[in-house]
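I have placed the structure first, in the form of structure tokens, so that the comments after it can refer back to it.
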Amino acid sequence: MSGFYEDKIFPVILDVGLRKLEEDRRRLVSQLRGKVLEVGVGTGANLPHYPVDAEVVGIEPGAAMLTKAQRRIDTLTRNQVSLADISLQQASAEALPFADQCFDQVLMFLVLCTIPDAERAVAEAVRVLKPGGEIHFFEHVRSPDAGVARWQDRVDPLWRKIACGCHLNRATDKLLAAQGLEVAMNEQGYHPQMGLRVASYVVQGVATRPVSQ
Ligand SMILES: C[S@@+](CC[C@H](N)C(=O)[O-])C[C@H]1O[C@@H](n2cnc3c(N)ncnc32)[C@H](O)[C@@H]1O
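Once you know that position 210 of the sequence shown is 305 in the numbering used here, the rest is easy, because the numbers rise by one and skip nothing.
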């Protein structure tokens, strides 16, 4: 998706709107290790938080988002902030341009709500993960409360337009388990800083590719 709103307005809304998640980003990203693939890096808000000895490959289909993420890296580097070894590539989660079993970990931070074929994206993440490798996720999902889920279904068509393809009502947690991953949930519930209940039921955890798979 590309256009004035998607390229110029939405990235700013994203950065400002998600600023309150800085502590969640730091807590999750700072514990990642080894060769890490970040799917849908957006404007690169997670990039400052990787440990400096991690090797990070960030993919993102949107050229404007990717430019912003690269600018963020350049600014941090100019300001002598120590960063991980980070490279960015334009690519889609559903067709990752990487060999099988070449990453230790994958980060999915608020992306499975938006990726058009989320099932395919998870299958691709599993393909590029080493056996025993982990998908670390932080995603807003369909609420387990029937009343809230009904509102998510109602609001979704409008929300998708405003939020560039983001769905409010995807059961991402179930999707991960359905792909044969061992899912360990660290936190789930309405995130106090994410506003309305329709958009704030968050699951955060680790989905591990079984060693035998
Ligand atoms: C809500 S934003 C989150 C961005 C970033 N992960 C963050 O935490 O700020 C969703 C991101 O998913 C990206 N995205 C959309 N379709 C995608 C696809 N097919 N493959 C990978 N990323 C995609 C969007 O371009 C956008 O950057």
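In this text, a Cβ means the ideal position worked out from N, Cα and C, and glycines have one as well.
>> Quick test of your reading: V182 and V152, contact by CB under 8 Å. State the CB separation rounded to the nearest angstrom.
In response: For this step, residue 182 is matched to residue 87 along the sequence shown. For this step, residue 152 is matched to residue 57 along the sequence shown. Just to set this straight, residue 182 is Ser in the shown sequence, not Val. Indeed, because the Cβ distance is near 5 Å, the residues count as touching under 8 Å.
>> For ligand 1, is there any heavy atom lying closer than 7 Å to the beta carbon of G260?
In response: Residue numbering aside, residue 260 sits at position 165 when the sequence shown is read from its first letter. It does: the Cβ of G260 is within 7 Å (strictly closer) of some heavy atom of ligand 1.
>> For the segment 188 to 199 against the segment 105 to 123, do three or more pairs of beta-carbon atoms, one drawn from each stretch, fall closer than 8 Å, so that the two count as touching?
In response: Contact between the segment 188 to 199 and the segment 105 to 123 is absent, because fewer than three Cβ pairs lie under 8 Å.
>> What residue range does the alpha helix (DSSP H) around M160 cover?
In response: By 1-based counting over the sequence shown, the position of residue 160 is 65. Membership of M160 in the alpha helix (DSSP H) is indicated by the continuous run A158 to R173.
>> For P156, which residues in the same chain have their Cβ closer than 6 Å to its Cβ, ignoring the five residues on either side in sequence?
In response: By 1-based counting over the sequence shown, the position of residue 156 is 61. Closer than 6 Å at Cβ, skipping near neighbours: S187.
> Hey, R114 and T138: beta-carbon distance below 8 Å or not?
Replying inline: Taking the first residue of the sequence shown as position 1, residue 114 is located at position 19. Taking the first residue of the sequence shown as position 1, residue 138 is located at position 43. Between R114 and T138, the C-beta spacing is not below 8 Å.
> For R265, is the classification buried or exposed, using 16 other Cβ atoms within 10 angstroms of its Cβ as the cut-off for buried?
Replying inline: Numbered from its first residue, the sequence shown carries residue 265 at position 170. It counts as buried.
>> Nearest by alpha-carbon distance to V298: which of D180, T209, F99 and H235 is it?
In response: The sequence position of residue 298 within the sequence shown is 203, counting from 1. Minimum Cα distance to V298 is reached at H235.
> Which residues in the same chain as E101 place their Cβ atom closer than 6 Å to its Cβ, once the five residues preceding and following it in sequence are excluded?
Replying inline: For the purposes of this step, residue 101 is taken as the residue at position 6 of the sequence shown. Excluding sequence neighbours, E101 sits near C259.
>> If contact is defined by three or more beta carbon pairs under 8 Å, each pair taking one atom from either stretch, is the segment 243 to 257 in contact with the segment 285 to 298?
In response: With a cut-off of 8 Å, the segment 243 to 257 and the segment 285 to 298 count as touching, because enough Cβ pairs lie within range.
>> Taking DSSP's pairing of strands, which residues face F198 in a bridge?
In response: Taking the first residue of the sequence shown as 1, we reach residue 198 at position 103. DSSP, once it has assigned bridges, lists L224 as partnering F198.
> Closer than 7 Å: is that where the CB of E204 sits relative to any heavy atom of ligand 1?
Replying inline: Within the sequence shown, numbered from 1, the residue matching residue 204 stands at position 109. This sequence places Phe at residue 204; Glu is not what is there. Yes.
> Between C197 and L161, what straight-line distance do the alpha-carbon atoms span, to the nearest angstrom?
Replying inline: Taking the sequence shown and counting its residues from 1, the one referred to as residue 197 is at position 102. Taking the sequence shown and counting its residues from 1, the one referred to as residue 161 is at position 66. Each residue's Cα considered, the two are about 22 Å apart.
> Taking 7 Å as the cut-off, does the CB of P239 come closer than this to any heavy atom belonging to ligand 1?
Replying inline: The residue you call residue 239 lines up with position 144 of the sequence shown. No, the Cβ of P239 stays beyond 7 Å of every heavy atom of ligand 1.
> Between which two residues does the alpha helix (DSSP H) containing D110 stretch?
Replying inline: Start at 1 with the first residue of the sequence shown, and residue 110 comes out as number 15. It spans F105 to G112 - the alpha helix (DSSP H) in which D110 sits, taken as one unbroken run.
>> Helix, strand or coil, according to DSSP, for G242 in the structure here?
In response: Looking up residue 242 in the sequence shown gives position 147. Helix, per DSSP.
>> Can you give me the C-alpha to C-alpha distance between E277 and K225, rounded to a whole angstrom?
In response: On the sequence shown, residue 277 is found 182 positions in, with the first residue counted as 1. On the sequence shown, residue 225 is found 130 positions in, with the first residue counted as 1. If I take the Cα positions, the gap works out to 14 Å.
> Does the beta carbon of G300 fall short of 7 Å from some heavy atom of ligand 1?
Replying inline: What you label residue 300 is simply residue 205 of the sequence shown in a count that begins at 1. Checking every heavy atom of ligand 1 against the Cβ of G300, none is found closer than 7 Å.
> When you compare each of A140, G129, A273 and D180 to I108 by their alpha carbons, which one comes out closest?
Replying inline: Here the question's residue 108 lines up with position 13 in the sequence shown. The option with the nearest alpha carbon to I108 is A140.
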